[in-house]
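Below you'll find the structure, written out as structure tokens, and then a few comments.
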Amino acid sequence: MRHTGFRRTVVAIGVCSSLALAATACGSGADGAASGKTRITVNCEPPKSAKVDRAFFEADTAAFEQAHPDVDVVAHDAFPCQDPKTFDAKLAGGQMEDVFYTYFTDVRHVVDLGQAADLTPYLKELKSYGSIQKQLRDIYTVDGKVYGIPRTGYSMGLIYNRALFRKAGLDPDRPPATWEEVRAAARKIAALGDGTVGYADYSAQNQGGWHFTAELYAQGGDVVSADGRKATIDTPEGRAVLRNLHDMRWTDDSMGSKQLLVINDAQQMMGSGRLGMYLAAPDNIPILVKEKGGDYQDLALAPMPGGRATLVGGDGYMFRKNATPAQIRAGLKWLDHMFLTPGKGFLGDYARARKHGAPVGLPEPRLFTGAADATDQRVKQANANVPVENYRAFLDGNGKLRLKTEPPHAQQIYSVLDGIVSAVLTKEDADIDRLLEEASGKIDSILARG
Numbered sequence: 009m010r011h012t013g014f015r016r017t018v019v020a021i022g023v024c025s026s027l028a029l030a031a032t033a034c035g036s037g038a039d040g041a042a043s044g045k046t047r048i049t050v051n052c053e054p055p056k057s058a059k060v061d062r063a064f065f066e067a068d069t070a071a072f073e074q075a076h077p078d079v080d081v082v083a084h085d086a087f088p089c090q091d092p093k094t095f096d097a098k099l100a101g102g103q104m105e106d107v108f109y110t111y112f113t114d115v116r117h118v119v120d121l122g123q124a125a126d127l128t129p130y131l132k133e134l135k136s137y138g139s140i141q142k143q144l145r146d147i148y149t150v151d152g153k154v155y156g157i158p159r160t161g162y163s164m165g166l167i168y169n170r171a172l173f174r175k176a177g178l179d180p181d182r183p184p185a186t187w188e189e190v191r192a193a194a195r196k197i198a199a200l201g202d203g204t205v206g207y208a209d210y211s212a213q214n215q216g217g218w219h220f221t222a223e224l225y226a227q228g229g230d231v232v233s234a235d236g237r238k239a240t241i242d243t244p245e246g247r248a249v250l251r252n253l254h255d256m257r258w259t260d261d262s263m264g265s266k267q268l269l270v271i272n273d274a275q276q277m278m279g280s281g282r283l284g285m286y287l288a289a290p291d292n293i294p295i296l297v298k299e300k301g302g303d304y305q306d307l308a309l310a311p312m313p314g315g316r317a318t319l320v321g322g323d324g325y326m327f328r329k330n331a332t333p334a335q336i337r338a339g340l341k342w343l344d345h346m347f348l349t350p351g352k353g354f355l356g357d358y359a360r361a362r363k364h365g366a367p368v369g370l371p372e373p374r375l376f377t378g379a380a381d382a383t384d385q386r387v388k389q390a391n392a393n394v395p396v397e398n399y400r401a402f403l404d405g406n407g408k409l410r411l412k413t414e415p416p417h418a419q420q421i422y423s424v425l426d427g428i429v430s431a432v433l434t435k436e437d438a439d440i441d442r443l444l445e446e447a448s449g450k451i452d453s454i455l456a457r458g
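Throughout the sequence shown, residue numbering follows the working numbering, covering 9 to 458 in sequence.
The structure is reproduced here in structure tokens:
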């Protein structure tokens, strides 16, 4: 599912004047370029309404231009960073920026349309490339050629309420590691009464299909075949996902009576202290605190139950197919400066983020490996303002899981899968075998249309 593309900050301050930034931080983005300069257009500049992020972005871009006086960066304001309603039209019309933002799920589509520059000959210009996790680099590699650079990555985990765990007699330092343990913990939490729900799941607005996919991956299954031609949900793993949801809902009564939930419903319940567990990425945690009334001390994160795989998402940048070699080289240097230097830049300057009230210490995004990762984590921990020990289980367990991206035609497939999840959660006599068989046929049709 989609993210906005830039860090969520929570402090409204004036742009530039209230930051100890270079005087050139504001006023960048003129359309012209001085003679002899390489001009690149980039998108995903935070909008003016996101004052802190906008100030950071402008300051970092200005610093880049000062360090590279031969490059002129023209940033385009965007929220969200990629609008699905206009993305294809911009691609087809040749209107995309020289360096443009994409979700992981866009890569094959952009390449198939012939709208991406091959970056393979220029990778030596990107100092950080070898330090980025290979599984994330591979997302932007198609048929042996590199067409983009990952910027952030996230993976799903189990958010849980430590206070409710203690109240239910559960050890908050030993979160559920299997689906059987999730079910058992949910029963104990629901037994607290007073409207407390043990486990919540989505089942509307395509979000039920998204979570079914995550849970299927966690069971060791997949949504489509390796060649992308056939559905693979009508399997023991698919039945295990639906049977578990059915039994938690109807046998255990640990999921509450209100169903057809979406992400905001689960966040409201967790933030108010009425929910024990739900699946989400780490970026949910500051939302639960800043918008839903939660407390960082009560919120913890564990890896996906089952120990097999987790759904990952994220974003990065690709380059317009007609970008010149000079523009590609300049764009790669800009990416290095803005996003890919551990402990620095727009997403990595943790000291700056902490100073302005943004949460520091969440376990993701974790982009790098080796020495680069060690540097990034050291700087993050030194500036942490959230209880990092609450995420230790996630950090320890996540590295052992296989990282799996969303299926092709994800939103269309999720719409189909929504139906089977909602049926199981709203109809006690739902026929799981029939639901999976019918959904498989519909997904096969989606895949056949390409």
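Ideal placement from N, C-alpha and C gives every residue a C-beta, glycine not left out.
query: Leu121: buried (16+ other C-beta within 10 angstroms of its C-beta) or exposed?; result: exposed
query: Would Pro415 pass as a contact of Val231 if the rule is Cβ separation under 8 Å?; result: yes
query: Distance, Cα to Cα, Gly302 vs Pro294?; result: 9 Å
query: Would you call the segment 391-399 and the segment 190-200 touching, i.e. three or more CB-CB distances under 8 Å?; result: no
query: Quick one: residues in its chain with C-beta nearer than 7 Å to the C-beta of Asn292, no 5 flanking neighbours on either side, listed in chain order?; result: Ile167 and Gln275
query: The beta strand (DSSP E) spanning Leu307 covers which residue range?; result: Leu307 to Pro311
query: When you compare the segment 130-147 with the segment 85-101, are there three or more beta-carbon pairs, one atom per stretch, that lie closer than 8 Å?; result: no
query: Would you mind working out which of Val150, Gly102, Ala308 and Gln103 sits nearest Val119, comparing C-alpha positions?; result: Val150
query: Which same chain residues end up closer than 7 Å to Thr12 when comparing Cβ atoms and leaving out the 5 residues on each side of it in sequence?; result: Low confidence applies to Thr12: its pLDDT is 46, below 50, so where it sits in the model is not reliable, and the reading given next is rough at best. Contacts found: Phe87, Pro88 and Cys89.
query: If you reduce the DSSP assignment to three classes, tell me which class Ala317 lands in.; result: strand
query: DSSP has Met326 in a bridge; who is on the other side?; result: Phe108 and Gly156
query: Measuring straight from C-alpha to C-alpha, what distance separates Met312 and Thr240?; result: 20 Å
query: Give the straight-line distance between the Cα atoms of Thr413 and Phe112, rounded to the nearest whole angstrom.; result: 8 Å
query: Quick one, which of Lys98, Gly351, Gly339 and Thr221 has its alpha-carbon nearest Ile157's?; result: Gly339
query: Have a look at Ile147, Ala176 and Ile271 and flag the residue whose alpha-carbon is nearest the alpha-carbon of Ala208.; result: Ile271
query: What residue does the beta strand (DSSP E) around His364 start on, and which one ends it?; result: Neither: His364 is in no beta strand (DSSP E) and is coded neither H nor E.
query: On the DSSP bridge list, what partners appear for Leu166?; result: Leu287 and Ala310
query: Let's see if you can read the secondary structure: which residues bound the beta strand (DSSP E) around Ala83?; result: Val79 to Asp85
query: Three-state secondary structure (DSSP) at Arg374?; result: coil
query: Please report the distance separating the alpha-carbon of Asp457 from that of Ala185.; result: Note on identity: in this sequence residue 457 is Arg, with Asp being the wrong assignment. Cα to Cα, Arg457 sits roughly 39 Å from Ala185.
query: Can you tell me the Cα-Cα spacing of Gly102 and Asp242, whole angstroms?; result: 41 Å
query: Let me confirm a value: Gly284 is counted as buried when at least 16 other C-beta atoms fall within 10 Å, else exposed. Which label applies?; result: buried
query: Please confirm if the segment 430-450 is in contact with the segment 199-219, defined as three or more CB-CB distances below 8 Å between the two stretches.; result: yes
query: What is the rounded straight-line gap between the Cα of Asp260 and the Cα of Ala176?; result: 15 Å
query: Applying the criterion that 16 or more other CB atoms from any shown protein chain within 10 Å of the CB defines a buried residue, is Asp441 buried or exposed?; result: exposed
query: Apart from the five residues on each side of it in sequence, which residues of its chain come closer than 6 Å, Cβ to Cβ, to Leu29?; result: Residue placement at Leu29 is flagged as unreliable, the pLDDT there being 34, under the threshold of 50; the coordinate-derived value follows with that caveat. Correct list, in chain order: Ala67.
query: Using the DSSP secondary-structure output, state which residues sit across from Lys450 in a beta bridge.; result: DSSP output for Lys450 lists no bridge partner at all.
query: Label Cys24 either buried or exposed according to how many other C-beta atoms from any shown protein chain fall within 10 Å of its C-beta, with 16 as the threshold for buried.; result: Unreliable positioning characterises Cys24 in this predicted model, as indicated by a pLDDT of 33, which lies under 50. A coordinate reading is not provided.
query: May I ask which residues mark the beginning and end of the alpha helix (DSSP H) holding Leu391?; result: It should be pointed out that residue 391 corresponds to Asn in this sequence rather than to Leu. Element bounds for Asn391: n/a, residue is neither H nor E.
query: Quick check: what's the CA-CA separation for Gly35 versus Pro367?; result: In this predicted model, Gly35 has a pLDDT of only 35, less than 50, meaning its place in the structure is not dependable enough to derive any value.
query: First and last residue of the beta strand (DSSP E) that includes Lys412?; result: Arg410 to Lys412
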